[in-house]
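Data block below; observations after.
As structure tokens, this is what we get:
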């Protein structure tokens, strides 16, 4: 409203028509005195509140009042009218509370929306649960599945496979059905070694196809030196396991020499068959002899002329383990030699295969220091069957002396399958009963001799004369294997007298033949051992005899 007119000296009534009010908002009523106390704080969280109340209605213009002593100045057109400080504080506080209420309302609404969502999800799960049949929390236990049988290992083929030298490829022998557990083999000179496993790429023919080890640089048959060999089935299984579609593997048809892992120093199994097909014109071979026939076989002198080219001994049934015969007045080892089947002239003789040396000679060279010896009839026959595979011709024991055919065997008696010249002695009459005549030129002393445990010295058996069967023929102790030969010097004391190992021409050899975990020492009778110690006395220059320990 416009400022009132200045007071007149004397009171005068107001003008009959006061000026119209200004378009600005009417003045607020006089501020009310402040409440004696502030309102209490709202509870937390407060319940949802209704929307803010509508603004208060505009008040009618007041009746004309006497002008206040100090009228308020008009507020600016764009801002609310100024309030006294106490009122302004209350207004601000009210506005602040309203903002807090709005914030709390928004928070509560958001939280409520979350709760509603959770309720909807739970209701959906509940509906699904009601529609699902009950579940047993203790289902019956099914019986365990039977164990899976291990894959069957491949068996040796009926025709057998050759075991060959890892360096030269020379056939060392064959594995036939029944040899499935064989994991070691004679590597020559009587030395038995583990068989090394190796594989070849199927269809390959060169060294690139040889696989003694693969990309992981692990040797298939183990790291040198080998302590455990591989059987045929184990070798085949390794090849199958390491095969891939891009590189199928199988047993090799060659030695794979110099292809790693130092397997040149071991026998290896090949895929080469052992079947030796005789020429069609030849008649079938007789069944392999397992023992000497009743008529006996002659041991002939290896040389010609009057020095003993004829029969020097007749081997009779029971003589299968005889290794010596008296030749030119001296007991000597009997040499093995082979001949081509159904040939009778000297061209059939095979005292050696390949080379006239220790490696090529059938019984080694020199014979009396060969690691494969001493030889008996059965070993000699088996050697000829083995060499048939290597030579590619069917071999058997000879029916002739084969003089001057190599290996120095002219100086030894030789095994043959020639019938004995003299008829075997007739059997003694049944009454009175007489013991079988003992063989050997050295009778057992009347007091007997002990066979001792080679380790502890404990007595295992006592050899006595006049026994039936005669102890003079005994070469083994039941349950303990062959009796080994050893000699002792006639001078000295204790172990210094013992000679299980002697040196002949610079070569060390076991008196009774080397024994290994898979090979027994050579069988010796009492007489054979006496003769062997006498022979070694000459060869070594030491005066040797049977041991007393």
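Numbering (full-length UniProt numbering), first residue to last: 1 to 549. Where is the CB? At the ideal position from N, CA and C, for every residue including glycine.
Rounded to whole angstroms, how far is the Cβ of residue i from the Cβ of residue j, which I believe are closer than 8 Å?
i           : j           : result
residue 477 : residue 451 : 6 Å
residue 475 : residue 523 : 3 Å
residue 337 : residue 409 : 6 Å
residue 303 : residue 411 : 7 Å
residue 312 : residue 299 : 5 Å
residue 160 : residue 174 : 5 Å
residue 544 : residue 488 : 7 Å
residue 362 : residue 274 : Residue 362 to residue 274, Cβ: 19 Å. No contact.
residue 391 : residue 353 : 5 Å
residue 339 : residue 420 : That pair is no contact at about 18 Å.
residue 235 : residue 251 : 6 Å
residue 395 : residue 384 : 4 Å
residue 209 : residue 218 : Rounded, the Cβ-Cβ distance is 19 Å, inconsistent with contact.
residue 232 : residue 180 : 7 Å
residue 551 : residue 418 : Residue 551 is absent from the model: the chain starts at 1 and stops at 549.
residue 360 : residue 327 : Between residue 327 and residue 360 the Cβ distance is about 23 Å, and since that is not below 8 Å, they are no contact.
residue 191 : residue 371 : 7 Å
residue 446 : residue 465 : 6 Å
Do you know whose CA, among the options, lies nearest residue i's CA?
i           : options               : result
residue 344 : 511, 361, 327 and 416 : 416
residue 521 : 542, 507, 486 and 546 : 486
residue 268 : 330, 502 and 169      : 169
residue 223 : 207, 507, 266 and 316 : 266
residue 206 : 256, 220, 249 and 182 : 256
residue 172 : 184, 180 and 178      : 184
residue 509 : 367, 481, 491 and 402 : 367
residue 373 : 245, 529, 449 and 335 : 335
residue 155 : 167, 176 and 162      : 176
residue 358 : 108, 202, 507 and 491 : 507
residue 329 : 158, 463, 369 and 441 : 441
residue 332 : 548, 120 and 535      : 535
residue 505 : 541, 115, 530 and 484 : 541
residue 449 : 113, 526, 292 and 353 : 526
residue 229 : 127, 342, 163 and 352 : 163
residue 221 : 193, 349 and 208      : 193
residue 494 : 549, 318 and 385      : 549
residue 500 : 511, 121, 466 and 254 : 511
residue 471 : 491, 454 and 528      : 528
residue 211 : 225, 253 and 227      : 253
residue 454 : 469, 481 and 113      : 481
residue 497 : 466, 483 and 547      : 547
residue 258 : 319, 297 and 165      : 165
residue 293 : 473, 127, 272 and 317 : 317
residue 484 : 104, 530 and 120      : 530
residue 503 : 538, 490 and 349      : 538
residue 271 : 158, 178, 310 and 216 : 158
residue 349 : 127, 387 and 94       : 387
Tell me residue i's beta-bridge partners as DSSP assigns them.
i           : result
residue 335 : 414
residue 297 : 315 and 419
residue 352 : 361
residue 477 : 481
residue 86  : The partner list for residue 86 (beta bridge, DSSP) is empty, contrary to what the question assumes.
residue 459 : 452
residue 545 : 488
residue 94  : Note: residue 94 sits in no beta bridge, so no partner.
residue 161 : 175 and 273
residue 252 : 270
residue 340 : 395
Just checking: is the beta-carbon of residue i within a distance shorter than 8 Å of some beta-carbon in chain D?
i           : result
residue 508 : Among the chains of the structure shown, chain D does not appear; only one protein chain is present.
> Whole beta strand (DSSP E) runs in the stretch 164-247 with 3 or more residues, listed along the chain?
Replying inline: Those beta strand (DSSP E) runs which fall completely within the stretch 164-247 and span 3+ residues are 171-175, 184-186, 192-194 and 199-201.
> Just checking, does the stretch 228-239 make contact with the stretch 188-197 on the three C-beta pairs under 8 Å criterion?
Replying inline: yes
>> So, does the stretch 511-521 touch the stretch 455-462, judging by three or more C-beta pairs under 8 Å?
In response: no
> Which ranges would you report for the alpha helix (DSSP H) in the stretch 300-330 if only whole runs of at least 4 residues count?
Replying inline: none
> Within the chosen definition, does the stretch 373-386 reach the stretch 318-335 through at least 3 CB pairs nearer than 8 Å?
Replying inline: yes
>> Restricting to runs no shorter than 3 residues, where is the beta strand (DSSP E) found entirely within the stretch 489-543?
In response: 501-504 and 507-510
>> Runs of 4 residues minimum, wholly inside the stretch 371-407: which ones carry the alpha helix (DSSP H) assignment?
In response: 377-391
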